[in-house]
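Note sheet for the following structure.
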Amino acid sequence: MKFELYTAKKISFAIAITSLILASITVVLIPSTIKWTFILLVLIFFFIIIWLSSYFLIKQMITKKLTPLYSIIDKPESEESYQQSLDILNKANIKVAQWVLQRNKEIDKLRRNEKFRREFLSNVSHELKTPLFSIQGYITTLLDGGIDDTSINKKFLEKAEKNINRMIAIIQDLETISNIENGELQLHYEDFDIVTLINEMFEMLEHKAQKRNIKFFLINQVKPFMVRADRQRIADVLYNLLLNSINYGKEGGKTSVFIHELEQKLLIEVSDNGIGIEEHYIPRLFERFFRVDKSRSRDIGGTGLGLAIVKHILEAHQQQIYVKSTYGVGSSFSFTLNKAL
Numbered sequence: 063m064k065f066e067l068y069t070a071k072k073i074s075f076a077i078a079i080t081s082l083i084l085a086s087i088t089v090v091l092i093p094s095t096i097k098w099t100f101i102l103l104v105l106i107f108f109f110i111i112i113w114l115s116s117y118f119l120i121k122q123m124i125t126k127k128l129t130p131l132y133s134i135i136d137k138p139e140s141e142e143s144y145q146q147s148l149d150i151l152n153k154a155n156i157k158v159a160q161w162v163l164q165r166n167k168e169i170d171k172l173r174r175n176e177k178f179r180r181e182f183l184s185n186v187s188h189e190l191k192t193p194l195f196s197i198q199g200y201i202t203t204l205l206d207g208g209i210d211d212t213s214i215n216k217k218f219l220e221k222a223e224k225n226i227n228r229m230i231a232i233i234q235d236l237e238t239i240s241n242i243e244n245g246e247l248q249l250h251y252e253d254f255d256i257v258t259l260i261n262e263m264f265e266m267l268e269h270k271a272q273k274r275n276i277k278f279f280l281i282n283q284v285k286p287f288m289v290r291a292d293r294q295r296i297a298d299v300l301y302n303l304l305l306n307s308i309n310y311g312k313e314g315g316k317t318s319v320f321i322h323e324l325e326q327k328l329l330i331e332v333s334d335n336g337i338g339i340e341e342h343y344i345p346r347l348f349e350r351f352f353r354v355d356k357s358r359s360r361d362i363g364g365t366g367l368g369l370a371i372v373k374h375i376l377e378a379h380q381q382q383i384y385v386k387s388t389y390g391v392g393s394s395f396s397f398t399l400n401k402a403l
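When the letters of the sequence shown are read in order and numbered with the working numbering, they come out as residues 63 to 403.
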C-alpha cells in the first residue's frame, strides 16, 4: 500500500496554481484594454500572494490542529520537539500511515482469531456431539428392550464404552493443550537416549502397525543419542507422529525414523510412504481438530488434536517442528531436540 505524503509547500503551491489558472481564464474571457504586460505582472504578483498566504495559513493550522494528533501517535518527549520539526505535516503523514498499517494488521489478526474461535467451538461441539448421540442411541435401544436380547446387549454396551472413551480422550487432549498454553504443564527435564525411546514407541504401536502390515525402521541407530528433555512428553510426540504414519500410511508400507546429528541438536525425522498431504493443507495441519480427510480420521478414532499437542509440547521445549509432504508419495515430520550436555 502506497501513501501519498503532502507537505505545506505542496498544498500551498497547488492552491496558488489553481487560483492562477482561474484568474487567467477570467482575464481571457473578460474584454480589457489593459496591456498584457501589466496583466502578466498582476498575475505573477497574485500567484505569489496566494502561495505565501496559503502556506502560512496551512502552517498555522498544522501548529494548532495537527500537532496534538502527531503527539498522540508519536508521543514526543517534550513540547520543544514540536518546534524543532522542520516539516511536521510530512512526519504526521508518515506516522499516520504507519499507525493505519499497524491497526490494520491488528484488525486482521483479530478477525483471524475470531474465525478460529468460531471454528474451534463448532469443531468441539461436533466432536463431542457425535459420540454423545451414538451413546444415546445405544442406551435408548437397550432401555426399549434390547437389554434382554443377548445378541445385542453386550455389543451395544461395548460400542457405548468405546464412544465414552473417545470423549474422554478428546477432553484429556484439550486439557493437555490448555495446560501447556497456560504454562501450567511442568516439564521435567532429564538426560535420556532417544534411540531407546523410539524403540519403545515401536513396540507400543507394533500391534496397530501389523494390522495394516506397516513396518518400522530406525535409521542411524549405531550408537545412543543422548538428549535433554521431558522424556514422557517427547514420548507423546513420537507416539502421535508414529500413529499418524500408521493411520495415513500405505497398507503394506513403511515408517522410517531418521536421526540427524547437528552441532548442538538432534533432528528426528518420521517419514512414511503414505497418501501424503496436499500443499494447501500443510499450513493448517497443527490446528485443533483440523483433518485433511475427516471421514477417514473419525473412522480410525483420532481426536484431531494429536498434531496440535505435538506442536505445543515442542514449543514448550523451545524447539521447532517441520513438515514436508508430497501428495500420493508420503509425508515427513521432523523436530529438533537439544543434545545432553
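No residue lacks a Cβ here, since even glycine has one placed at the ideal position from N, Cα and C. Quantities reported herein were computed from a predicted structural model and do not represent experimental measurements.
Subject >> Presumed contact (8 Å Cβ cut-off) between Val-289 and Ala-159, rounded CB distance >> reply: What you label residue 289 is simply residue 227 of the sequence shown in a count that begins at 1. What you label residue 159 is simply residue 97 of the sequence shown in a count that begins at 1. Actually they do not touch by this definition, with Cβ atoms about 48 Å apart.
**OP:** Within its chain, find whatever has a CB closer than 7 Å to the CB of Arg-293; leave out the 5 residues flanking it on each side and keep chain order.
**Re:** Position 231 of the sequence shown, counting from 1, holds the residue named residue 293. Excluding positions up to five away in sequence, the list reads Glu-252, Phe-254 and Leu-259.
**OP:** Give every residue of the same chain whose Cβ lies closer than 7 Å to the Cβ of Ile-348, excluding the five residues on either side of it in the sequence, and list them in chain order.
**Re:** On the sequence shown, residue 348 is found 286 positions in, with the first residue counted as 1. The sequence shown places Phe at residue 348, rather than the Ile named in the question. Result list for Phe-348: Leu-369, Ala-370 and Lys-373, in chain order.
**OP:** Go through its chain and collect everything with a Cβ distance to Phe-218's Cβ below 7 Å, but skip five positions before and after it.
**Re:** Stepping through the sequence shown from its first residue, residue 218 is reached at position 156. The beta carbon of Phe-218 is closer than 7 Å to those of Tyr-200, Thr-203, Leu-204 and Gly-208 in its chain, skipping five residues each way along the sequence.
Original post:
For Ile-111, which beta-bridge partners are listed by DSSP?
Top reply: Position 49 of the sequence shown, counting from 1, holds the residue named residue 111. Assignment of beta-bridge partners to Ile-111 by DSSP yields no partner.
Original post:
Terminal residues of the continuous alpha helix (DSSP H) containing Thr-238?
Top reply: Start at 1 with the first residue of the sequence shown, and residue 238 comes out as number 176. DSSP places Thr-238 inside the alpha helix (DSSP H), whose first and last residues are 215-243.
Original post:
What does DSSP give as the partner residues of Asp-255 in its beta bridges?
Top reply: Locating residue 255 in the sequence shown gives position 193, counting from the first residue. For Asp-255, the beta-bridge partners assigned by DSSP are Met-288.
Original post:
Closest by CA to Leu-247, which one among Ser-116, Leu-190 and Ile-375?
Top reply: Residue numbering aside, residue 247 sits at position 185 when the sequence shown is read from its first letter. Nearest in C-alpha terms to Leu-247, of all of Ser-116, Leu-190 and Ile-375, is Ile-375.
Subject >> Residue closest to Ala-319, alpha-carbon to alpha-carbon, out of Asn-215, Asn-306, Ile-308 and Asp-334 >> reply: Your numbering for residue 319 matches position 257 in the sequence shown. Looking at the sequence itself, residue 319 is Val, so the reference to Ala does not match. When each option's Cα is compared against that of Val-319, the closest is Asp-334.
**OP:** Label Ala-76 either buried or exposed according to how many other C-beta atoms from any shown protein chain fall within 10 Å of its C-beta, with 16 as the threshold for buried.
**Re:** Residue 76 sits at position 14 when you count from the first residue of the sequence shown. Ala-76 is exposed by the Cβ-count criterion.
**OP:** Report yes if the C-beta distance between Phe-397 and Val-299 is below 9 Å; otherwise report no.
**Re:** For this step, residue 397 is matched to residue 335 along the sequence shown. For this step, residue 299 is matched to residue 237 along the sequence shown. Against a cut-off of 9 Å, the Cβ pair of Val-299 and Phe-397 comes out as a contact.
**OP:** Reducing DSSP to helix, strand and coil, say where Asn-335 ends up.
**Re:** Residue 335 sits at position 273 when you count from the first residue of the sequence shown. In the structure shown, Asn-335 sits in coil (DSSP, three-state: anything other than H, G, I, E or B).
**OP:** Reducing DSSP to helix, strand and coil, say where Gln-248 ends up.
**Re:** Numbered from its first residue, the sequence shown carries residue 248 at position 186. Per DSSP, reduced to three states, the secondary structure at Gln-248 is coil, with no helix or strand assignment.
Original post:
Closest by CA to Phe-279, which one among Ile-230, Ile-73, Leu-304 and Asp-206?
Top reply: Residue mapping note: residue 279 aligns to position 217 of the sequence shown, counting from 1. For Phe-279, the nearest C-alpha among the options comes from Leu-304.
**OP:** Quick one: residues in its chain with C-beta nearer than 8 Å to the C-beta of Phe-108, no 5 flanking neighbours on either side, listed in chain order?
**Re:** Mapped onto the sequence shown, residue 108 falls at position 46. Hits under 8 Å: Ser-81, Leu-82 and Ala-85.
Original post:
To which residues does DSSP link Ile-383 through a beta bridge?
Top reply: Start at 1 with the first residue of the sequence shown, and residue 383 comes out as number 321. According to DSSP, which records beta bridges pairwise, Ile-383 is partnered with Phe-397.
Subject >> DSSP state of Phe-279 mapped onto helix, strand, coil >> reply: Working through the sequence shown from its first residue, we reach residue 279 at position 217. Note: Phe-279 maps to strand in three-state DSSP.
**OP:** With DSSP collapsed to three states, give me the class of Phe-348.
**Re:** For the purposes of this step, residue 348 is identified with residue 286 of the sequence shown, where counting begins at 1. Phe-348 falls in the coil class under three-state DSSP.
**OP:** Report buried or exposed for Tyr-389, applying the criterion of at least 16 other Cβ atoms within 10 angstroms of its Cβ.
**Re:** In the sequence shown, the residue the question calls residue 389 occupies position 327. Tyr-389 is exposed by the Cβ-count criterion.
**OP:** Compute the beta-carbon to beta-carbon distance between Leu-249 and His-342, rounded to the nearest angstrom, for a pair I have assumed lies under 8 Å.
**Re:** Position 187 of the sequence shown, counted from the start, is the residue given in the question as residue 249. Position 280 of the sequence shown, counted from the start, is the residue given in the question as residue 342. By a beta-carbon distance limit of 8 Å, Leu-249 does not contact His-342. Their separation comes to about 34 Å.
Original post:
On the premise that Gly-336 lies in contact with Ser-307, defined as a C-beta separation below 8 Å, what is that separation, rounded to the nearest angstrom?
Top reply: Taking the sequence shown and counting its residues from 1, the one referred to as residue 307 is at position 245. Taking the sequence shown and counting its residues from 1, the one referred to as residue 336 is at position 274. 7 Å between Cβ atoms; contact.
Subject >> Secondary structure of Glu-323, DSSP reduced to three states >> reply: Indexing the sequence shown from 1 puts residue 323 at position 261. Glu-323: strand per DSSP, three-state reduction.
Original post:
Residues in its own chain within less than 6 Å of Asn-302 by CB, not counting five upstream and five downstream?
Top reply: Start at 1 with the first residue of the sequence shown, and residue 302 comes out as number 240. Cβ within range, chain order: Gly-368 and Val-372.
Original post:
How is Leu-204 classed by DSSP in three states: helix, strand or coil?
Top reply: What you label residue 204 is simply residue 142 of the sequence shown in a count that begins at 1. It is helical.
Subject >> Cβ distance (whole Å) where Ile-197 is taken to contact Ile-230 below 8 Å >> reply: Taking the first residue of the sequence shown as position 1, residue 197 is located at position 135. Taking the first residue of the sequence shown as position 1, residue 230 is located at position 168. The C-beta separation of Ile-197 from Ile-230 comes to about 12 Å, leaving the pair out of contact by the 8 Å criterion.
Subject >> Local conformation of Lys-312 per DSSP, three classes >> reply: Here residue 312 refers to the residue found at position 250 of the sequence shown. The answer is coil: DSSP assigns Lys-312 none of H, G, I, E or B.
Original post:
Rounded to a whole number of angstroms, what is the C-alpha to C-alpha distance between Ile-79 and Ser-116?
Top reply: Against the sequence shown, residue 79 aligns to sequence position 17. Against the sequence shown, residue 116 aligns to sequence position 54. Whole-angstrom Cα-Cα distance: 11 Å.
**OP:** Using DSSP bridges, identify the partner residues of Ser-318.
**Re:** Start at 1 with the first residue of the sequence shown, and residue 318 comes out as number 256. Bridge partners of Ser-318 according to DSSP: Phe-279 and Ser-333.
Original post:
Would Gly-311 be called buried (16 or more neighbouring beta carbons within 10 Å of its own) or exposed?
Top reply: Within the sequence shown, residue 311 is the residue found at index 249, counting from 1. By the Cβ-count criterion, Gly-311 is buried, with 16 or more other Cβ atoms from all chains shown falling within 10 Å of its own Cβ.
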